[in-house]
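For reference, the structure is listed below as structure tokens.
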Amino acid sequence: MTITTLDLEAKLSLYRSQVELRQFEKRAYDLFLENYVKGTSHLSLGQEAIAAGFAAAMRPDDYTFATYRGHAHTLARGVPMTPVLAELMGRENGLMAGKGGSMHLTSVEHGVMGSYAIIGAHLPIACGAAWSAQYRGTEQVAVCFFGDGTTNIGAFHEALNFAAIWKLPVVFVCENNLWMEYTRTSTITAVEHPAADRASAYGLESIIVDGNDVDAVFEVASAAIARARAGEGPSMIEAKTYRQAGHSRADPGKYRPDEEVAEWLAKDPIPMYHARLLAEGATEAQLAEIDREVAAMVDLATQEAKDGAIPSADLVFKDVWADGGSAWRN
Amino acid sequence: MAQLTFREAIARGIAQEMRRDPSVVLIGEDIGAAGGVFKGTVGLFEEFGDRRVRDTPISEQAILGAAMGAAMTGMRPIAEIMFSDFFAVCWDIVVNEIAKSRYMTNGQMTFPLVIRSGNGGGLRFGAQHSQSVENWAMMVPGLKVVVPSNALDVVGLMAASVRDNDPVIFLEAKSLYATKTEVPDGDIVDSLGTAKVVRQGSNATLVALGAMVPKALAAAEELAAQGIDCTVVDVRSLVPLDTQTILREVSATGRLFTVEENPRLCGWGGELSSIVAEELFYDLDGPIVRITTPHIPLPAADALEDIAIPSVARIVETVSASMNA
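Order-wise, the sequence lines are chains A and B. Per our numbering, the very first residue in the first sequence carries number 574; after that it's consecutive. Per our numbering, the very first residue in the second sequence carries number 2; after that it's consecutive.
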């Protein structure tokens, strides 16, 4: 849902959104362990405030461009849990009937214009959607999420220059969780703030936000999106956060110092927000009710995904081409 | 009816579609007021303005990413990659993003875009500005690949490519830009996936693409003088591939010679040979023979480049030797 003012009701919805993402990711992890989810998957545990805060600041027809770590960004735009979970499980009721998988979640009807698994590729593509919006005069904005590791690939730099010279309505959001995959980003990056320190090279303001504070994320997102919508061009935002789990399913994350993990677990966005809402007038009962409702949603989605059919064989040959087929010769 | 150069035909085909459909836009390096380094977009900036004909930085990933993002949101972009060699710096966007995204999203997205590029040798530009990459594009599921051989086909196939709802790699043979063809007035719209029989013969079938088509035709005239009467098929479109026309024409003569500018390994003629061997084996009267650029990077010197790329003389010699064996 789109939020305009951060009153208590809005904050409760931001809390709910984060809890949905958290509980979904935890369930996705459990389903790996039970071998229902195959292949690989990249969880946003600990990074939920960024997805929730941005989605709340977006108009329903705005565009999201996500990475392979895209479950949270997809759900935050309002895509129901069942098709997302079913996609992870390779079922026909999956978001893409099992043809994309965890790393490529897409729901055009919700403005989720794809999750991209080649580092950096989607920054230029987000520029294209923003250019299209600018050309068509629709005042839509493209929001493009990526990790700290992306700031060292060429497409990042091409896209920033391109967006700046064409004044495109695009917001670049670096989710800086400090670690590339197994390597600390600061050890392989020439500047301290991998995104923010590069902004000035493209004439953009350097913006850093606490990515674990959903209110702060929402405020900075709203400002950047409003700027883009008004034709004032792109922004880049670096949101400091931490992934509580490893890079992917295969990674237990053991390379990280225990004290660092402990420090960031203490800054977990959801308990922090829980405490803030209580201080601002919400009741324990209200928040517990949200937690219970979300748990029931996740259980229902799990059951519906497990009940989903195995994709039919004809899907293999569908939709290579716009005519629905795969023929390359007559 | 006017004599049109291949390069004028590029602009004519694009202009025809831009007048018809405001969602058609053109981006690339130096394509605006400069009219393109090969002068393939001359006049478009003046007619359609900088909103629809936009110069870009030297950022091939940004150019093709922009085209992809625009195509998925309702536009019909035409992007230029100046030299097809430069696909190597943006191949991710082509192969991993544009070609796969419709399939991966279970058909949620379509990509009605055209990527034009100057392709092939003959201009003495050396190995990084001369190679023929039609085989790169052909091997990627999800890409259509169009390679015209003359100005008339350029106009009609450009229109068909722009109107097609799938991504089309439109390769323009650089050595053909100055060639002239009679082109009728008025709108011209051709069809993708249609080969053309450009010479009818009875002894052997030469199947050629792009810049090799005029060479195959010239070779066929010399071969006719030797008593070898050749059919020449212009493939025009590698994907979709008009195998019906090709198989019919090979069946009629019993001999297939491919004439390919791409380097030999995994060139398009290899795939075609396998189709013919599998489906037409008992109609063949002799071996399938491929005439290609050798498996080498292209040299720059004119004397060397002319040895590397199939020439009329090499086509004549190869066909003649095989037919008389």
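For each residue, glycine too, the CB sits at the ideal point set by N, CA and C.
| query | Residues of chain B with CB under 8 Å from Ala900 of chain A, in chain order? | reply | By 1-based counting over the first sequence, the position of residue 900 of chain A is 327. Going along chain B in sequence order, the residues near Ala900 of chain A (Cβ under 8 Å) are Pro241.
| Trp606 of chain A: buried (16+ other C-beta within 10 angstroms of its C-beta) or exposed? | Taking the first residue of the first sequence as position 1, residue 606 of chain A is located at position 33. Before going further, note that residue 606 of chain A is Leu rather than Trp in the sequence given. A residue is called buried once 16 or more other Cβ atoms fall within 10 Å of its Cβ, and Leu606 of chain A, having fewer, is exposed.
| If you run the structure through DSSP and keep just helix, strand and coil, what is Thr294 of chain B? | Here residue 294 of chain B is taken as the residue at index 293 of the second sequence, counted from 1. When secondary structure is reduced to three states using DSSP, Thr294 of chain B falls in the strand class.
| task | Can you tell me the Cβ-Cβ gap for Pro633 of chain A and Thr575 of chain A, rounded? I've got them flagged as a contact below 8 Å. | result | Position 60 of the first sequence holds residue 633 of chain A. Position 2 of the first sequence holds residue 575 of chain A. Confirmed, about 7 Å.
| Span separating the alpha-carbon of Thr340 of chain B from that of Thr613 of chain A | With chain B covering 2 to 326 only, the question about residue 340 of chain B has no answer from this structure.
| For Met2 of chain B, which residues of its own chain have a beta-carbon under 8 Å away from its beta-carbon, when the five flanking residues on both sides are left out? | Within the second sequence, residue 2 of chain B is the residue found at index 1, counting from 1. For Met2 of chain B, where only same-chain residues beyond five positions count, the Cβ hits under 8 Å are Glu183, Val184, Pro185 and Asp186.
| request: Measure from the alpha carbon of Leu604 of chain A to the alpha carbon of each residue in A:Pro825, A:Val871 and A:Phe719, then state which is nearest. | output: Your numbering for residue 604 of chain A matches position 31 in the first sequence. Of the candidates A:Pro825, A:Val871 and A:Phe719, the one whose C-alpha sits nearest the C-alpha of Leu604 of chain A is A:Val871.
| task | Label Ser176 of chain B either buried or exposed according to how many other C-beta atoms from any shown protein chain fall within 10 Å of its C-beta, with 16 as the threshold for buried. | result | Sequence index remark: in the second sequence, residue 176 of chain B carries index 175 (1-based). Taking a 10 Å sphere around the C-beta of Ser176 of chain B, we find 16 or more other C-beta atoms and assign the residue as buried.
| message | Let me check one thing: in DSSP terms, what residues is Gly720 of chain A bridge-paired to? | response | The sequence position of residue 720 of chain A within the first sequence is 147, counting from 1. A:Glu748, per the DSSP bridge assignment.
| said: Can you confirm whether Arg642 of chain A, when its beta carbon is compared against all beta carbons of chain B, has any partner nearer than 8 Å? | reply: What you label residue 642 of chain A is simply residue 69 of the first sequence in a count that begins at 1. By this cut-off, Arg642 of chain A is not an interface position.
| DSSP beta-bridge partners of Val240 of chain B | Against the second sequence, residue 240 of chain B aligns to sequence position 239. Residue pairing from DSSP places Val240 of chain B in a beta bridge opposite B:Val146.
| message | Let me check understanding here. Comparing Cα to Cα, which of A:Phe597, A:Ile738 and A:Val782 lies closest to Ser60 of chain B? | response | For the purposes of this step, residue 60 of chain B is taken as residue 59 along the second sequence, with counting starting at 1. Ranking A:Phe597, A:Ile738 and A:Val782 by Cα distance to Ser60 of chain B puts A:Ile738 first.
| said: I'd like the ranges of any alpha helix (DSSP H) spanning at least 4 consecutive residues and lying wholly in the stretch 692-716 of chain A. | reply: Within the stretch 692-716 of chain A, the complete alpha helix (DSSP H) segments at least 4 residues long are 695-709, listed from N- to C-terminus.
| DSSP state of Asn136 of chain B, grouped into three classes? | The count along the second sequence starts at 1 and reaches residue 136 of chain B at position 135. Helix, per DSSP.
| query | What are the residues of the stretch 719-736 of chain A that lie near chain B, defined by any Cβ-Cβ distance shorter than 7 Å? | reply | Against chain B - using a Cβ distance shorter than 7 Å - the residues of the stretch 719-736 of chain A are Gly727, Ala728, Glu731, Ala732, Asn734 and Phe735.
| said: Tell me the residue span of the alpha helix (DSSP H) that contains Met105 of chain B. | reply: Position 104 of the second sequence holds residue 105 of chain B. Run containing Met105 of chain B: Ala100 to Met105, per the alpha helix (DSSP H) assignment.
| query | Is Ala309 of chain B closer than 8 Å to Thr319 of chain B when the C-beta atoms are compared? | reply | Counting from 1 along the second sequence, the entry for residue 319 of chain B is found at position 318. Counting from 1 along the second sequence, the entry for residue 309 of chain B is found at position 308. No, they are not a contact pair.
| task | Determine which residues of the stretch 666-684 of chain A have a Cβ less than 7 Å from any Cβ of chain B, and write them out in chain order. | result | Taking 7 Å as the Cβ-Cβ cut-off against chain B, the residues of the stretch 666-684 of chain A that qualify are Met669, Ala670, Lys672, Gly673, His677, Thr679 and Val681.
| Validate contact between the stretch 718-729 of chain A and the stretch 789-798 of chain A using beta carbons, cut 8 Å, 3 pairs | Not touching, per the Cβ criterion.
| request: Please work out which residues of its chain come closer than 8 Å, Cβ to Cβ, to Leu299 of chain B, disregarding the five sequence neighbours upstream and downstream, and give them in chain order. | output: Sequence index remark: in the second sequence, residue 299 of chain B carries index 298 (1-based). Correct list, in chain order: Gly122, Gly127, Ala128, Ser131, Gln132, Glu306, Ala309 and Ile310.
| query | Can you give, in chain order, each stretch of the alpha helix (DSSP H) that sits fully within the stretch 42-67 of chain B and has at least 4 residues? | reply | The qualifying runs are 45-49.
| request: May I have the straight-line CA-CA distance separating Trp269 of chain B from Leu124 of chain B, to the nearest angstrom? | output: Position 268 of the second sequence holds residue 269 of chain B. Position 123 of the second sequence holds residue 124 of chain B. For the pair Trp269 of chain B and Leu124 of chain B, the Cα-to-Cα distance works out to about 22 Å.
| said: Output needed for Gly693 of chain A: all residues of its chain with C-beta closer than 6 Å, excluding positions within five of it in sequence on either side, in chain order. | reply: Here residue 693 of chain A refers to the residue found at position 120 of the first sequence. For Gly693 of chain A, where only same-chain residues beyond five positions count, the Cβ hits under 6 Å are Thr723, Ile726, Ala728 and Phe729.
| request: Can you pull the chain D residues whose beta carbon is under 7 Å from the beta carbon of Gly701 of chain A, in chain order? | output: Here chain D cannot be found, since the structure's protein chains are A and B.
| query | Using a Cβ-Cβ cut-off of 6 Å (strictly less than) and excluding sequence neighbours within five positions of Gly211 of chain B, which residues of its own chain qualify? | reply | Walking along the second sequence from the start, residue 211 of chain B turns up at place 210. Within the same chain, Gly211 of chain B has close Cβ partners Val148, Ser150 and Ala174.
| said: Given a cut-off of 8 Å on the beta-carbon distance, is the pair Val233 of chain B and Leu207 of chain B in contact? | reply: Numbered from its first residue, the second sequence carries residue 233 of chain B at position 232. Numbered from its first residue, the second sequence carries residue 207 of chain B at position 206. Yes, the Cβ-Cβ distance between Val233 of chain B and Leu207 of chain B is below 8 Å.
| For Leu144 of chain B, is the classification buried or exposed, using 16 other Cβ atoms within 10 angstroms of its Cβ as the cut-off for buried? | As a working mapping, residue 144 of chain B is identified with position 143 in the second sequence. Leu144 of chain B is buried by the Cβ-count criterion.
| task | Name, in chain order, the residues that DSSP records as bridge partners for Ala80 of chain B. | result | Along the second sequence, one-based indexing puts residue 80 of chain B at 79. Per DSSP, B:Ile28 and B:Ile116.
| request: Go through the stretch 641-694 of chain A residue by residue and report every complete run of the beta strand (DSSP E) that reaches 3 residues or more, in order. | output: With a minimum length of 3 residues, the continuous beta strand (DSSP E) runs that stay inside the stretch 641-694 of chain A are 685-689.
| message | Per DSSP, what are the beta-bridge partners of Met809 of chain A in this structure? | response | The residue you call residue 809 of chain A lines up with position 236 of the first sequence. Bridge pairing for Met809 of chain A: A:Phe745 [DSSP].
| query | Hey, out of B:Ser203, B:Glu272 and B:Ala304, whose CA is closest to Ser252 of chain B's CA? | reply | Here residue 252 of chain B corresponds to residue number 251 of the second sequence, with the count starting at 1. Closest by alpha carbon: B:Ser203.
| message | By the 9 Å beta-carbon criterion, what residues does the stretch 871-902 of chain A contribute toward chain B? | response | Contacts with chain B (Cβ-Cβ distance below 9 Å) from the stretch 871-902 of chain A involve Leu888, Lys891, Asp892, Val893, Trp894, Ala895, Asp896, Gly897, Ser899, Ala900, Trp901 and Arg902, listed in chain order.
| query | What distance in whole Å lies between the Cβ atoms of Pro807 of chain A and Leu850 of chain A, which are believed to be in contact at a cut-off of 8 Å? | reply | One-based indexing of the first sequence puts residue 850 of chain A at position 277. One-based indexing of the first sequence puts residue 807 of chain A at position 234. Incorrect: roughly 33 Å between the Cβ atoms, too far for contact.
| Does Arg237 of chain B come within less than 8 Å of chain A when only Cβ atoms are used? | The residue labelled residue 237 of chain B in the question sits at position 236 within the second sequence. No, no contact with chain A.
| request: Give me the Cβ distance between Val146 of chain B and Val240 of chain B, rounded to the nearest whole Å; I'm assuming they're in contact under 8 Å. | output: On the second sequence, residue 146 of chain B is found 145 positions in, with the first residue counted as 1. On the second sequence, residue 240 of chain B is found 239 positions in, with the first residue counted as 1. That pair is a contact at about 5 Å.
| task | Please list the segments of the beta strand (DSSP E) lying wholly inside the stretch 784-851 of chain A, counting only runs of 3 or more residues, in order along the chain. | result | The stretch 784-851 of chain A contains these whole beta strand (DSSP E) runs: 808-813.
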